[in-house]
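Residue 44 in our numbering sits at position 56 of the sequence shown, and the numbers go up by one each step. So the structure is just underneath, and the comments pick up after that.
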Amino acid sequence: MAEFADISLFHLSRALSMLDQLADEQPDTYEDFVREMAADCTLVRDMLLAIGELSDNGADPKTLAQADHSLRQMIALWVLLQDITIPLAHFTAYTDES
-11 MAEFADISLF
-1 HLSRALSMLD
9 QLADEQPDTY
19 EDFVREMAAD
29 CTLVRDMLLA
39 IGELSDNGAD
49 PKTLAQADHS
59 LRQMIALWVL
69 LQDITIPLAH
79 FTAYTDES
């Protein structure tokens, strides 16, 4: 498990890109993954519920997109902190600079 202070911007950006790619290429797998993260992390679960309420109350698309981006940031941090593998068949946007 990583320490919060050890998470670099590179690795956070990489995790966000992987989540974006998963959502674009395998939306069903992405939804399942988000549900798994919500089951394990209260903050992710609460944010997911808040997004649902925003949607139910007719929030504009920009607000929903911003909330979704915030959710992905939380998931990316959780993934890095817990050393969770994002279920992506391939990822080529970055090379590891470790």
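Yeah, the Cβ is synthetic: ideal placement off N, Cα and C, and Gly gets one too. Bear in mind the structure is a predicted one, so any value in this text is a computation, not a measurement.
| Check | Outcome |
| --- | --- |
| Own chain, CB closer than 8 Å to L68, minus 5 neighbours either side, in chain order | A(-10), I(-5), H(-1), L0 and A3 |
| Beta-carbon contacts of D56 that lie in its chain and below 8 Å, excluding the five residues immediately before and after | I39 |
| Exposure of A64, with buried meaning 16 or more beta-carbon neighbours within 10 Å | buried |
| D34 versus D28 - alpha carbon distance | 11 Å |
| Unbroken alpha helix (DSSP H) run spanning F21, endpoints | P15 to D28 |
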